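Notes for the one structure printed next.
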Amino acid sequence: MTQIDSLRAKYLGAVLEAADEPALEAVRLAALGKKGEVALMMRDLGGMSPEERQTTGKALNALRDELDAALRARKAALADAALDERLRAEWLDVTLPARPRRVGTIHPVSQVMEECTAIFADMGFRVAEGPQVETDWYNFDALNIAPEHPARQEHDTFFLHRAPGDARPPHVLRTHTSPVQIRAMQDQGAPIRVIAPGRVYRMDMDQTHTPMFHQIEGLAIDRDISMANLKWVLEEFFSAYFGARVRTRFRASHFPFTEPSAEVDIQCSWVGGTLKVGEGNGWLEVLGSGMVHPHVLRAGGIDPDQWQGFAFGMGIDRMAMLKYGIPDLRAFFESDLRWLRHYGFGALEAPSLHAG
Ligand code: DAH
Numbered sequence: 007m008t009q010i011d012s013l014r015a016k017y018l019g020a021v022l023e024a025a026d027e028p029a030l031e032a033v034r035l036a037a038l039g040k041k042g043e044v045a046l047m048m049r050d051l052g053g054m055s056p057e058e059r060q061t062t063g064k065a066l067n068a069l070r071d072e073l074d075a076a077l078r079a080r081k082a083a084l085a086d087a088a089l090d091e092r093l094r095a096e097w098l099d100v101t102l103p104a105r106p107r108r109v110g111t112i113h114p115v116s117q118v119m120e121e122c123t124a125i126f127a128d129m130g131f132r133v134a135e136g137p138q139v140e141t142d143w144y145n146f147d148a149l150n151i152a153p154e155h156p157a158r159q160e161h162d163t164f165f166l167h168r169a170p171g172d173a174r175p176p177h178v179l180r181t182h183t184s185p186v187q188i189r190a191m192q193d194q195g196a197p198i199r200v201i202a203p204g205r206v207y208r209m210d211m212d213q214t215h216t217p218m219f220h221q222i223e224g225l226a227i228d229r230d231i232s233m234a235n236l237k238w239v240l241e242e243f244f245s246a247y248f249g250a251r252v253r254t255r256f257r258a259s260h261f262p263f264t265e266p267s268a269e270v271d272i273q274c275s276w277v278g279g280t281l282k283v284g285e286g287n288g289w290l291e292v293l294g295s296g297m298v299h300p301h302v303l304r305a306g307g308i309d310p311d312q313w314q315g316f317a318f319g320m321g322i323d324r325m326a327m328l329k330y331g332i333p334d335l336r337a338f339f340e341s342d343l344r345w346l347r348h349y350g351f352g353a354l355e356a357p358s359l360h361a362g
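Position one of the sequence shown corresponds to residue 7 (this note's numbering), numbered consecutively onward.
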């Protein structure tokens, strides 16, 4: 009996001292395992007298059950402690406010380019592109602007530096999006209907001019396209863009790349210093246009005896100012965050023909 008592004391103590599950398992094996001390004592029962066997057997069974219960209890306690420890270590304060994230805005120029593209796309115009560093042939000659033509000076062109003996053709920063007309005609032939939004450059800087600005070019060539089609397309465009019926006025003008040429005004009113498009008796010049000159068609690889059509070019920045009431062009390109947040658009305000 004393042996059983000392086993009980020994193993109950060991169970309580076991610091983790592996230690506890070692205690279990030492006591209750096949070769554990309790099992060995059970084996000795065979050599005992029946009375002795009965009392010792009972006591050993009781000891085994008691140790088993103690082991289980300790195992559960260790698991609880481990969980508590994990909960403590992995604690996360979900009530902490999120760190502020800076959200950018879409620049009015990008927004307006998308708006214009959506409207013209609906009328069957595809977007065409060309390089901003352009040869002077595409920028001028192909558009019927001869080297001595005054337009070359009027455009205040940025010329790229050329080392003496450089065999490459002279390059300029394109002064308008019109060279994209030539590239598009060369690429796609006739019939063709494209718009070309993009950056252009001129050496000019005041409240209404910046050295870099944006234009959108339009070109439609087919067998019998006329100025009437031009007028319809532009009125459709302005009405969709400004969200009101906008009348246009065509004034005879001159561009080397069109014949005849017209400058186009849109109807507007000035009330209390605010300009409103689509109402009133005032007119605002917004665009140059005309019937594409035969020389220009030929430069684009299109036979002027077979094909004809219109072209137009307008300033995107100007369009943005008119629609969104932005007073100063220079602010467009100053990257002032306050300005960008005020006039910028959210990423979800994607232009479409049915959004306001
Ligand atoms: N390229 C002209 C400019 O930058 C705008 C222009 C006028 C484009 C008449 C055209 C056009 O396509 O037909 O001032």
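Just so it is clear, CB atoms sit at the ideal spot from N, CA and C, and this is done for glycine as well.
Fair warning: this is a prediction, and the values are worked out from it, not measured in the lab.
_Let me check you understand the geometry: is the CB of Phe164 closer than 6 angstroms to at least one non-hydrogen atom of the ligand DAH?_
As a first step, residue 164 must be located in the sequence shown, where it is residue number 158. Phe164 Cβ: outside cutoff for every heavy atom of the ligand DAH.
Classify Ala268: buried if its beta carbon has 16 or more other beta carbons within 10 angstroms, exposed otherwise.
Stepping through the sequence shown from its first residue, residue 268 is reached at position 262. Buried, because 16 or more other Cβ atoms sit within 10 Å of the Cβ of Ala268.
CB contact flag (Pro262, Ile151, <7 angstroms)
Residue mapping note: residue 262 aligns to position 256 of the sequence shown, counting from 1. Residue mapping note: residue 151 aligns to position 145 of the sequence shown, counting from 1. It is a contact, given that the beta carbons lie within the stated cut-off.
Quiz item: Should the stretch 216 to 225 be regarded as contacting the stretch 314 to 332, the criterion being three or more beta carbon pairs within less than 8 angstroms?
Solution: Note that the stretch 216 to 225 touches the stretch 314 to 332; at least 3 beta-carbon pairs, one per stretch, sit closer than 8 angstroms.
**Prompt:** How many whole angstroms separate the CB atoms of Ile308 and Gly195, which I take to be in contact at a CB cut-off of 8 angstroms?
**Reply:** Position 302 of the sequence shown, counting from 1, holds the residue named residue 308. Position 189 of the sequence shown, counting from 1, holds the residue named residue 195. That pair is a contact at about 7 angstroms.
Self-check item: For Glu223, three-class secondary structure by DSSP
Solution: As a first step, residue 223 is located in the sequence shown; it is residue number 217 there, counting from the start. Here Glu223 sits in strand by DSSP.
Give the DSSP-derived three-state secondary structure of Val252 in the structure shown. As a working mapping, residue 252 is identified with position 246 in the sequence shown. Reduced to three states, the DSSP call for Val252 is coil.
Next on the checklist: Measuring straight from C-alpha to C-alpha, what distance separates His260 and Pro266?
Outcome noted: The sequence position of residue 260 within the sequence shown is 254, counting from 1. The sequence position of residue 266 within the sequence shown is 260, counting from 1. Rounded to whole angstroms, the gap between the alpha carbons of His260 and Pro266 is 7 angstroms.
Exercise. Would you identify the three-state DSSP class for Ile332, choosing helix, strand or coil?
Key: Along the sequence shown, one-based indexing puts residue 332 at 326. Here Ile332 sits in coil by DSSP.
Cα-Cα separation, Val21 to Ala76: Indexing the sequence shown from 1 puts residue 21 at position 15. Indexing the sequence shown from 1 puts residue 76 at position 70. Taking the straight line joining both Cα atoms gives about 7 angstroms.
- prompt: Where do the ends of the beta strand (DSSP E) carrying Gln314 lie?
  reply: The count along the sequence shown starts at 1 and reaches residue 314 at position 308. First-last of the beta strand (DSSP E) with Gln314: Gln314 to Gly321.
Exercise for review: Tell me whether Thr264 counts as near the ligand DAH, meaning its Cβ is closer than 6 angstroms to at least one heavy atom of that ligand.
Suggested key: Along the sequence shown, read from residue 1 onward, the residue named residue 264 stands at position 258. Yes, since a heavy atom of the ligand DAH falls inside the 6 angstroms radius drawn around the Cβ of Thr264.
| DSSP three-state assignment for Phe351, whether helix, strand or coil | Looking up residue 351 in the sequence shown gives position 345. In the structure shown, Phe351 sits in a strand (DSSP, three-state: E or B).
> DSSP three-state call for Pro266: helix, strand or coil?
Replying inline: Counted from its first residue, the sequence shown places residue 266 at position 260. Strand.
- Relative to the ligand DAH, is the shortest distance from any of its heavy atoms to the C-beta of Pro315 smaller than 6 angstroms? Your numbering for residue 315 matches position 309 in the sequence shown. With the sequence shown as reference, residue 315 is identified as Gly, and Pro is not the correct amino acid for it. Flag unset: Cβ of Gly315 not near the ligand DAH.
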